[in-house]
Amino acid sequence: QADRYFFCQGLMRPKSVDQQTRAEMLEGMEVNYHSIVRACDAIFARAAPVRICIIGSESGYRGSFDENYATAKAMVHRYIENRAPTHPAQQIVGISPGIIGDAGMTIRRTDVERLDMRRREHPKKQFLTSYDVAILAKNLLYFQSDHITNQVIRMHGGLK
8 QADRYFFCQG LMRPKSVDQQ TRAEMLEGME VNYHSIVRAC DAIFARAAPV
58 RICIIGSESG YRGSFDENYA TAKAMVHRYI ENRAPTHPAQ QIVGISPGII
108 GDAGMTIRRT DVERLDMRRR EHPKKQFLTS YDVAILAKNL LYFQSDHITN
158 QVIRMHGGLK
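Residue 19 in my numbering sits at position 12 of the sequence shown, with consecutive numbering throughout.
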């Protein structure tokens, strides 16, 4: 019964789709897409003023070694952009961060050389931090106009 919700979850496997079992692919879709959409639909069904912020991923635009993850995040982005409110004071926004250097899914990666190369090639010469993403999420949920809705804000630092 809250008036603000924040969804930040992701399951990325260090496997390509052809290496994943059907169960792994289904679990990835459940964590990265279906569970979020079901929760948001239930929240919106109350037809009350509410703000929702969902963390997506630049993988939803650029792809990923785990294409199942990328596909699910692309689907979340489309959901955010197209979800019709059931009350005029409802807001849904997304944040699409690039690589978050201090996030668990980054620090657990084993392809350190590839990460170093991507950091060097990045226009900012550094990755985002969890704090960078949290500040934007807090601003969207608490300080920005509720007219910012059905938008996914990309945080890629100018990476083309």
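Where is the CB? At the ideal position from N, CA and C, for every residue including glycine.
Taking the C-alpha atoms as reference points, what is the distance between residue i and residue j?
{"i": "Gly70", "j": "Gly63", "result": "12 Å"}
{"i": "Thr93", "j": "Gln8", "result": "16 Å"}
{"i": "Ala79", "j": "Val24", "result": "12 Å"}
{"i": "Met112", "j": "Tyr138", "result": "15 Å"}
{"i": "Ile102", "j": "Tyr86", "result": "13 Å"}
{"i": "Met124", "j": "Ala96", "result": "44 Å"}
{"i": "Arg116", "j": "Leu122", "result": "9 Å"}
{"i": "Val18", "j": "Thr28", "result": "It should be pointed out that residue 18 corresponds to Leu in this sequence rather than to Val. Between Leu18 and Thr28, the C-alpha separation is close to 14 Å."}
{"i": "Lys7", "j": "Gly35", "result": "A query on residue 7 cannot be resolved here, the shown segment of the chain reaching from 8 to 167 and no further."}
{"i": "Ala81", "j": "Ala52", "result": "23 Å"}
{"i": "Asp109", "j": "Asn75", "result": "23 Å"}
Using only CA atoms, which one of the options lies nearest to residue i?
{"i": "Leu147", "options": "Phe134, Gln98, Arg125, Ala55", "result": "Gln98"}
{"i": "Asn89", "options": "Pro21, Cys47, Leu143", "result": "Cys47"}
{"i": "Val100", "options": "Ile43, Lys167, Pro21, Leu33", "result": "Ile43"}
{"i": "Ala54", "options": "Gln158, Ala91, Glu74", "result": "Ala91"}
{"i": "Cys60", "options": "Asn157, Gly17, Lys22, Gly67", "result": "Asn157"}
{"i": "Pro21", "options": "Glu31, Tyr12, Ile107", "result": "Glu31"}
For residue i, which three-state DSSP category applies?
{"i": "Gly105", "result": "coil"}
{"i": "Cys47", "result": "helix"}
{"i": "Ile114", "result": "helix"}
{"i": "Met19", "result": "coil"}
For the region 122-135 and the region 29-45, state whether three or more C-beta atom pairs, one from each stretch, are separated by less than 8 Å.
The region 122-135 is not in contact with the region 29-45.
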